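For the sequence shown, my numbering assigns the number 137 to the initial residue and increments by one for each residue that follows.
Glycine is no exception: its CB is placed at the ideal position from the N, C-alpha and C atoms.
Treat the numbers as computed from the prediction; the structure is a model and nothing was measured.
Everything below concerns the one structure shown next.
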Amino acid sequence: MEQISVSPVFVGRGRETELLATALARAAAGEPQAVLVGGEAGIGKTRLVEEFLDGVGAPSAVAAVGGCLEVGAEGLPYGPLATALRRLHRELGPAFEQAAAGMEGHLARLLPEFGEADAGSNDEFGRARLFDRTARLIERLAEDRTLVLVVEDLHWSDRSTRDLLAYLIRTLHRARVLVLATYRSDDLHRRHPLRPYLAELERLRTVQRLELERFGPAETAAQLAGILGVATPDRVLVDRIHRRAEGNPFFVEQLASAAREGCTAGIPDSLRDILLVRVETLPDHTQQILRIAAEGGTRVEHDLLAAVLDDPEEVLIEALRTAVGAGVLRPDTDGDGYCFRHALVREAVSDDLLPGERHRTNRRFAAVLEADPGLVRGEACAARLANYWYHAHEADRALPTALDAALQARRRNAFAEQLRMLERVLELWDEVPDGVRSTPVRPYDRAETYPSCGCTGEAHEPGCAGLHLVDVLAEAVVAARRSGDWDRAIALVRRALDLLDEDTDPARAAWFRVQLAKTCGHLERPDGGEIQYAYRLVSGLGPSAVQAEVLAMEAAQGMLGHPDRSHMAVAEQAAKIAREVGADAVEQHARITLAGLYGEFGEPERAIALLTDAIGRARELGAADVLCRGLNNLSCLMQGLGRSAEALDRSREGLQVAGRTGLLGTAGGCLTGNLVEALTALGRCAEAAATLDAWEYGPPLDPYHEFLDRLRGELSFLAGDLDSAAELNRRARAADLARQPQNVLPSAMLAVRIHARQGRPLAARSELLAALDIELTAGHEALMLPLLVHGAGAEADSHGLPAADLGRPVVLRRIAEAAARLEPQVPLHRAWVRLLDGELARAEGRDARRHWAEAIGLLRPVGLPGPLALALLRAAESAAAAGRRDEARALLEEAADTARASGDRYLESEVAHLAGRARLTAERAEARGGARTAADDGPELGLTRRERDVLRLLTLGRTNRQIAEELYISPKTASVHVSNILAKLGVSGRGEAAAVAHRLRLFEAETAV
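Below is the structure:
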């Protein structure tokens, strides 16, 4: 069976679809519209129009499509308009013939099926009459419906079609007509007749011009997901196809189809034929210049190309002008060179070269550039030269130039490019003479703390100054890690460890073990005790940067896992050794870890001071990775202390540093998550969701995808989408292999809250108890206290349910025991403790008013709307139950505003529900002078508002006592209300009353809400 490469899912184009929908609405209102949709071939013009027309349905609207055909220099006269009208005739039948009545002779010039054309003159007057009758026909057809007239491929249109279309657009003033026309913008050379035509039409008020842009990475990923039938396509495949297709949807489809058939390199023959159509129509000399230019790179400078070709300037200019006019080349943005219209066109042209031609051409480019490096921009020279020598198959020249290009890429923080060049060095290693490999080309550029040689004393071996394969692997490991290619980093480490003898080269072996631990830590995979292994290798050696890094890593792992105070001593020792040996970056890493441990063990101010100082030192050093880590940890610490605005600032600063230094692939995911946490805590949920949507990295390259999935789940929870929240949390927990408290506890809290809101108290209890079983060596107050509060709240909400009542005392005791081990240090933590005291009291049926009041007093200065709204709601419940209605009303008013600011839709509805149950909304309205309406007393049943409240609960099966508890009235009063309701409804029992309420749908709207 043939597989279809077209995506079944329409991707992107939201703005464009909205523009077309708006134009259709205006046309339907009697204001004719015209939209000119342009874009390069394959950009999706036809797909956009098709998707739009799918939503244009009869009888209110009818659409007709006609396409221009490429026949000679121009298309068939009136061809697309005649096709569109013919389709209207078939669809509308008698209605079309009625609209054409009296004009058949004129219209027969367009539609021969109307019979013989009239005997009028075939001059400009006859043409004017034809145009007029066509416009009148369309006006008549649009009287009873909106008419959408589509003309595709206008770049192939004939002059007569363009004139008639322009006439219609100009003269249809009040008709319900929308004209859509598509055209290829890349076909419009300088003298193309459509250029002035479009410019003239665009001046009209009713005409809009819409240019379709290429897809971004996210849209390409969505398109591939649809084509391949997967939820999330492989990120590496997405990156490769997006890079090659450059966001052109048609090219994406073709490359995806080839990839599905196992072809991941080269261009499919069908696509190559399409790409080369324009090239093959050009003169032979122009084609030859294009083939040489294709080897010059994605962009080739005019002076470089001229030097390589050695043609007369006039001949070269004429050939280039021909290629630009044909839309194959275009001047680059700097104006001093050229690039192909699309990268795949360059690839197809390059593939047409014979192997010998390619080698000779690249050799010529390399020789010319080596002789005059000023022919290209300075920062691009090393990489260009390395590429030319590589494709010239000159290994002894390609290897050193690739090493130089890798160095230049690293200095520009272009780590992916650095890795690509180092991979090339590894590929060429065995092909070059020993003399090239032994040249001391790297003494100035080592990889972080990687030892300069394997010697353990002051005396060095003669070969120490030369370059070794393991040295290249070390640099490649760091480049892979910094570019976010974690799996490749692991493969490179393992290759290096296979080459090393741990007995003779323990320092280097320890260094690679540390790299393996770092990479496995990012991927949340078990590292097999690599840090401990590395420490055994270097423990007998003197102080070194590697030894300091090993200790710093051991302390960092302890901080993230199950920290104890011994890890502080390890971090301090790491910083001390790093200072002794001048490993400044390692020293700041150790100090950042030490600051985190201070925060874990109840010294937040000391932690902030040390972190701030370490961040400042990292800035002075220019150590971007250390700086990003410091800003990330400081934002986490601030968030845990309730200082979310400061956490937000530090996260944004960290993202700016990561973006500027090429570290988004390693630090960006975590910093983005911290930013989203801060925004969510501040109630800026829409901004938080947009931030997550904009994050371009994802599995498998992003090691923090489970963190971000959990945050997406929290946002879904706040929006009231519990099913999505549960699925996202499940996905996050499944990917969390390290089971660190910073991930486990928030996921457990989200699960507890989801189960509680779904009315599943036993499931919520199970999640809570599982979290309480975790052995924590540090307090984790910022994470544990909210979990305990929501767990206790779920127990309080299920009070009175026999199945939940059974084990509640044990659960409450365990919550209290866990809380007793915590040491709250800041107002937010103390507020959570007061909330916990209140929820425990509520679960046990004790008075909690004092706890709510204390929590509110602590939370108001903190400025986080979520916990404050909860405290206000609980305080209002207590006040209403005690009959303090004015106090309850004031608390509810503040709670409503705060819950709305928090973004928690369920909490907002709980506030409104409490106001309704306690009859505080109506009283508030009356106090403000609001007039009651007849609807307040029930529809024609004579029920008061209170009786409606009682009847609503009665239909839900509540007893008199339960009604009394929910409405804050006595059981006796509830009984009186029930008797009055039965009398007014003329029924004999509660069941009949409920049946009447259901039959009349008295509470349908309330249920929907």
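Residues Pro897, Leu898, Arg901, Glu931, Ser934 of the same chain have their beta carbon placed closer than 8 Å to that of alanine 940, with the five preceding and five following residues left out of the count. In the structure shown, the three-state DSSP call for leucine 912 is coil.
In this structure, the CA atom of leucine 799 is about 27 Å from the CA atom of serine 883. Rounded to whole angstroms, glutamate 823 and serine 787 show a C-alpha spacing of 14 Å. For glycine 433, the secondary structure class from DSSP, reduced to helix, strand or coil, is coil. In the structure shown, arginine 520 adopts helical secondary structure according to DSSP, grouped into three states. The beta carbon of glycine 801 is closer than 6 Å to those of Ser619, Gly620 in its chain, skipping five residues each way along the sequence. In the structure shown, the three-state DSSP call for arginine 893 is helix. In summary, alanine 157 is exposed, with fewer than 16 beta-carbon neighbours lying within 10 Å of its beta-carbon over all protein chains present.
When the five nearest sequence neighbours on each side are left out, the beta carbons in the same chain lying within less than 6 Å of the beta carbon of glutamine 651 are those of Val613, Val629, in order along the chain. Secondary structure at proline 491: helix, using DSSP grouped into helix, strand and coil. Bounds of the alpha helix (DSSP H) holding alanine 1011 are 1001-1017. In this structure the stretch 277-292 lies against the stretch 309-318, because at least three pairs of beta carbons, one per stretch, are closer than 8 Å. Around alanine 528, the same chain offers His495, Asn498, Arg499, Ala502 as residues with beta carbons nearer than 7 Å, after the five sequence neighbours per side are excluded. As summarised for the stretch 309-384, the continuous alpha helix (DSSP H) elements at least 4 residues long and confined to that stretch are 330-338, 353-364, 371-381, given in chain order. A contact between stretches requires three or more CB pairs, one per stretch, nearer than 8 Å, and the stretch 1027-1043 meets this requirement with the stretch 1008-1016. The alpha-carbon separation between glycine 461 and arginine 326 amounts to approximately 7 Å. The straight-line gap separating the alpha-carbon atoms of arginine 295 and proline 213 is approximately 7 Å.
One thing to note: threonine 270 has its Cβ within 9 Å of the Cβ of leucine 304.
When the five nearest sequence neighbours on each side are left out, no beta carbon in the same chain lies closer than 7 Å to the beta carbon of aspartate 268. For arginine 466, the uninterrupted beta strand (DSSP E) run begins and ends at 465-467, by DSSP. In this structure, glycine 202 lies away from alanine 311, with their beta-carbon atoms at least 9 Å apart. When C-alpha distances from isoleucine 744 are compared across Ser771, Gly718, Ile992, Arg560, the shortest belongs to Ser771. In summary, alanine 670 is buried, with 16 or more beta-carbon neighbours lying within 10 Å of its beta-carbon over all protein chains present. For phenylalanine 476, the uninterrupted beta strand (DSSP E) segment begins and ends at 473-476. C-alpha of leucine 1118 to C-alpha of arginine 1094: approximately 15 Å in a straight line. Rounded to the nearest whole angstrom, the CA to CA distance from alanine 197 to arginine 226 is 15 Å. Ranked by how close their Cα comes to the Cα of threonine 585, the residues Met689, Cys656, Glu1102 have Met689 in first place.
Per the C-alpha coordinates, the member of Ala394, Gly510, Ala392, Leu844 positioned closest to aspartate 439 is Gly510.
Runs of the alpha helix (DSSP H) lying entirely within the stretch 1072-1111, each at least 4 residues long, are 1081-1091, 1096-1103 in chain order. Assignment of leucine 172 by DSSP, reduced to helix, strand and coil, places it in the strand class. For valine 198, the enclosing beta strand (DSSP E) stretches over residues 197-203. The alpha helix (DSSP H) runs of length 4 or more contained entirely in the stretch 270-314 are, from start to end of the chain, 295-307.
Distance check between valine 372 and each of Arg513, Asp623, Val413 places Asp623 closest, using alpha-carbon atoms only. Rounded to whole angstroms, the separation of the alpha carbons of alanine 907 and arginine 1082 is 44 Å. Taking one beta carbon from each stretch, the stretch 740-758 and the stretch 717-730 have 3 or more pairs nearer than 8 Å; the two touch.
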